[in-house]
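Peer 1:
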Amino acid sequence: MLFYQPLTNICLKFYLYFLYKKVYIMVVTRFAPSPTGYLHIGGLRTALFSYLWARRNGGKFYLRIEDTDKKRNSQAAAEAILNAFEWLGLEADGEIVYQSERDDIYAKYIKQLLDEGKAYKCYMSKEELDALRQTQMENKERTMYDGRYRDFDGTPPEGIEPVIRIKAPQTGEIIVHDGVKGDVSFQAEDILDDFVIARADGSPTYNLVVAIDDALMGINEVIRGDDHLSNTPKQIVVYEALGFDVPKFYHVPMIHNAQGKKLSKRDGATDVMAYKDMGYLPEALLNFLVRLGWSHGDQEIFSMDEMKELFDPKDINKSASIYNTEKLDWLNAHYIKNTPNDTLVALLKDFDMKLEEHDKKEILLDALKERAKTLKELANMLVEILDAPTQYDPKASKKAFKSNAIEVLERFANSLEEVQELHLPVDYHHVMEKVVNEMEIGFGKIGNPLRVALLGKMSGPGLDVVMAVLGPDETLARIAKAVLAHAQD
RNA sequence: GGCCCCGUCGUCUAGCGGUUAGGAUCCAUGGUUUUCAUCCAUGUUACAGGAGUUCAAUUCUCCUCGGGGUCACCA
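Here the first sequence is numbered in my numbering, starting from 1 and rising by one per residue.
This is the structure:
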């Protein structure tokens with residue numbers, strides 16, 4: 001009795017704690033790509049991490065298109081990103097936010113900063129700035145704005161549209177509390193200057209708008225690439241100047257190419273949709289990416305439900321990983337094996353393979369899906385069976401058609417013709433067995449030439465399956481053709 | 001170059017002071033199969049280096065080396 005009182009107390013406390021976490025500090029994450037091209041592998045992984053973390057906590061996952069740079073962005077690129085999300089089944093909550101539609105919001109905050117004396121107009125020309133940078137570099141100093149207009153109250157120079165700079169702290173320490181890297185501290189004098197928050201044309205810059213949008217959208221957990229880590233102090237300056245709460249950051253390590261450099265578009269096969277074209281399944285790609293830089297013990301296979309249940313950014317690795325798709329092939333093969341046949345039939349349409357009407361499609365796919373690494377491979381295998389061989393691999397012919405192979409094939413053809421009902425693989429198997437027994441030969445003596453006759457090569461699925469799929473007429477036709485072709489030798 | 005981050009099998013990773021350093025992939029070998037693939041079994045391969053702390057360091061600290069990121073009126 002003595003035990004129960006404190007125990008229920010503790011339980012109650014835990015219950016209230018989790019209730020509080022769920023209701024009052026709902027996890028809100030986002031993915032914020034700039035639409036300069038297709039969605040790439042690295043972006044997808046951070047998007048996936050953000051998505052999973054929000055889903056695990058019953059929170060929100062928002063999508064924001066960072067299209068403030070009108071010269072480099074395109075609507076097509078934004079749509080490409082959306083297409084990729086759709087293919088992968090990642091659903092963003094709420095409306096998609098486009099930064100290009102929010103100029104008035106940013107203008108309001110820029111004005112606020114100006115009014116409060118936290119930002120100022122800088123009339124330095126580009127040429128002057130370049131010259132300053134040049135001399136700093138020659139003197140091996142850090143290149144930074146020198147703050148010459150920070151406290152300027154004279155008459156501004158003629159003919160220069162000013163940029164707006166924020167008054168950043170000049171001394172002191174800025175600490176990024178990062179969920180992956182731990183606390184990372186920066187010295188203001190090392191990294192900060194009064195950076196530009198609005199260009200001469202009035203348009204806001206990146207470090208300003210991310211902070212504003214993240215704050216306004218209620219983002220409290222930012223998961224992004226660690227190439228942003230050194231931007232973070234600047235954004236913290238903005239958060240603090242505007243009086244916003246600083247979110248929790250998780251800076252996930254980069255994905256590197258084989259040369260150990262940041263994965264870029266030049267590395268090829270970084271377009272997410274290219275994986276669709278190559279015949280990869282969304283679940284395989286997602287499973288592959290979730291394990292790149294993250295792990296949950298020894299587990300390798302994660303269904304989407306498991307990911308949503310188990311993903312935790314605290315388990316993200318600190319170090320960069322190299323992009324190597326060997327494991328992706330293995331995962332894809334695994335998922336193809338476990339995909340229902342009717343789903344495969346639908347998927348194969350994208351690879352010019354129409355199987356809906358085929359009465360033996362179940363037998364065919366059961367046999368072939370064990371063997372394919374990609375849907376494309378699967379489609380090719382199907383073609384290789386469904387279409388009669390146009391030529392015989394010379395090596396295979398030589399190996400298979402020695403001694404009495406032709407006699408064996410003819411015996412087999414005759415035996416096949418005697419049987420009335422031929423439907424299932426096992427029906428054909430019986431005929432093969434019969435011939436083997438009658439002629440007192442090994443299975444290989446019939447299997448090899450028959451395989452070459454039916455498929456033109458020495459590899460492939462079980463012959464009984466192939467014949468059941470082709471039916472007796474086509475089987476006999478292919479045998480006859482092969483006998484003819486090899487009899488001339 | 002300044003600042004910041006990182007360093008366990010080829011690759012993805014487990015490890016959170018005491019382990020024969022584990023799993024997966026890849027590769028090799030064997031088994032299964034009429035063949036190939038699948039599948040199963042087995043095997044090769046790793047704590048960057050050096051100091052320190054400790055009875056004990058892959059694990060903690062420092063240094064060196066190596067790799068990466070970032071330094072815009074790009075995002």
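Don't be surprised by glycine CBs; every beta carbon is placed ideally from N, CA and C.
If contacts are defined as beta-carbon pairs under 8 Å, then Leu-208 and Ile-219 qualify, I think. What distance do you get, rounded to the angstrom?
Peer 2: With 8 Å as the limit, Leu-208 and Ile-219 do not qualify as a contact, their Cβ atoms being about 15 Å apart.
Peer 1: Quick one: using the 10 Å Cβ neighbour count with 16 as the cut-off for buried, is Leu-2 buried or exposed?
Peer 2: Only weak support exists for where Leu-2 lies, its pLDDT of 45 falling under 50; the coordinates are left without a value.
Peer 1: Give the DSSP-derived three-state secondary structure of His-423 in the structure shown.
Peer 2: It is coil, neither helix nor strand.
Peer 1: By the three-class DSSP mapping on this structure, what secondary structure does Phe-3 have?
Peer 2: With a pLDDT of 47 at Phe-3, under the threshold of 50, the predicted position of this residue should be treated as unreliable, though the coordinate-derived value follows. Of the three classes helix, strand and coil, the one that applies to Phe-3 here is coil, per DSSP.
Peer 1: Taking all protein chains shown into account, decide if Phe-443 is buried (16 or more other Cβ within 10 angstroms of its Cβ) or exposed.
Peer 2: Exposed is the call here.
Peer 1: According to DSSP, is Val-466 part of a helix, a strand, or is it coil?
Peer 2: It is helical.
Peer 1: Between Ala-211 and Thr-205, what straight-line distance do the alpha-carbon atoms span, to the nearest angstrom?
Peer 2: Cα to Cα, Ala-211 sits roughly 11 Å from Thr-205.
Peer 1: Put Leu-63 into one of helix, strand or coil per three-state DSSP.
Peer 2: Residue state, collapsed to three classes: strand.
Peer 1: Buried or exposed for His-423, going by 16 or more other Cβ atoms inside 10 Å?
Peer 2: Exposed is the call here.
Peer 1: Have a look at Leu-39, Gln-112, Leu-289, Met-381 and flag the residue whose alpha-carbon is nearest the alpha-carbon of Gly-462.
Peer 2: Of the candidates Leu-39, Gln-112, Leu-289, Met-381, the one whose C-alpha sits nearest the C-alpha of Gly-462 is Met-381.
Peer 1: How about Thr-171: is its Cβ closer than 7 Å to a heavy atom in the ligand ZN?
Peer 2: The ligand ZN is absent from the structure shown, which contains no ligands of any kind.
Peer 1: Taking C-beta to C-beta, are Tyr-239 and Val-180 nearer than 8 Å?
Peer 2: No, these two residues do not count as a Cβ contact at 8 Å.
Peer 1: From Phe-61 to Ser-230, what does the alpha carbon distance come to, in whole angstroms?
Peer 2: The alpha-carbon atoms of Phe-61 and Ser-230 are separated by roughly 24 Å.
Peer 1: Tell me the residue span of the beta strand (DSSP E) that contains Tyr-120.
Peer 2: Counting along the chain, the beta strand (DSSP E) containing Tyr-120 begins and ends at 119-122.
Peer 1: My output table needs one value for Phe-244: the three-state DSSP class, helix, strand or coil.
Peer 2: It is coil, neither helix nor strand.
Peer 1: Pro-233 and Ile-174: beta carbons closer than 8 Å?
Peer 2: Yes. Within cutoff.
Peer 1: For the segment 435-454 against the segment 396-412, do three or more pairs of beta-carbon atoms, one drawn from each stretch, fall closer than 8 Å, so that the two count as touching?
Peer 2: Touching, yes.
Peer 1: Taking C-beta to C-beta, are Asp-226 and Val-252 nearer than 8 Å?
Peer 2: Yes.
Peer 1: Where do the N-terminal and C-terminal ends of the alpha helix (DSSP H) with His-334 fall, by residue?
Peer 2: Counting along the chain, the alpha helix (DSSP H) containing His-334 begins and ends at 326-337.
Peer 1: Might you give, ordered along the chain, the residues of its own chain that have their beta carbon closer than 8 Å to the beta carbon of Glu-161, omitting 5 neighbours on each side?
Peer 2: Hits under 8 Å: Ala-200, Asp-201.
Peer 1: Buried or exposed, going by whether 16 or more other CB atoms sit within 10 Å of the CB of Val-222?
Peer 2: Buried, because 16 or more other Cβ atoms sit within 10 Å of the Cβ of Val-222.
Peer 1: Can at least three beta-carbon pairs, one atom from the segment 373-393 and one from the segment 428-448, be found at a separation below 8 Å?
Peer 2: No: fewer than three Cβ pairs fall under 8 Å.
Peer 1: Which partner residues does Ser-321 have in the DSSP bridge list?
Peer 2: Paired residues: Ile-255.
Peer 1: Could you check whether Asp-214 and Val-97 sit closer than 8 Å to each other, using their CB atoms as the reference points?
Peer 2: Not a contact, by the Cβ cut-off of 8 Å.
Peer 1: Threshold first: 4 residues or longer. Then list the alpha helix (DSSP H) segments lying entirely within the segment 83-122, N to C.
Peer 2: The qualifying runs are 103-115.
Peer 1: My understanding is that Leu-416 touches Leu-470, with C-beta atoms under 8 Å, so please give their C-beta distance in whole angstroms.
Peer 2: About 11 Å; that fails the 8 Å criterion.
Peer 1: Please classify Phe-351: does DSSP put it in a helix, a strand, or coil?
Peer 2: Three-state DSSP puts Phe-351 in a helix.
Peer 1: CB-CB under 7 Å to Ile-446, same chain, minus the five flanking residues each way: which ones, in chain order?
Peer 2: Hits under 7 Å: Val-408, Phe-412, Met-432, Val-435, Val-436.
Peer 1: Report yes if the C-beta distance between Tyr-149 and His-256 is below 8 Å; otherwise report no.
Peer 2: Their beta carbons are not under 8 Å apart, which means Tyr-149 does not touch His-256 by this criterion.
Peer 1: Taking the alpha-carbon positions, what's the Trp-330 to Asp-183 distance?
Peer 2: Computed Cα separation, rounded: 37 Å.
Peer 1: Residue ranges of each beta strand (DSSP E) run of no fewer than 3 residues wholly in the segment 162-233, ordered along the chain?
Peer 2: Correct list: 163-166, 173-178, 182-187, 196-198, 221-225.
Peer 1: Please list the terminal residues of the continuous beta strand (DSSP E) segment that includes Arg-30.
Peer 2: That run of the beta strand (DSSP E) goes 28-31.
Peer 1: Out of Ala-54, Lys-314, Ile-65, state which residue places its alpha-carbon closest to the alpha-carbon of His-177.
Peer 2: Among Ala-54, Lys-314, Ile-65, the Cα nearest to that of His-177 belongs to Lys-314.
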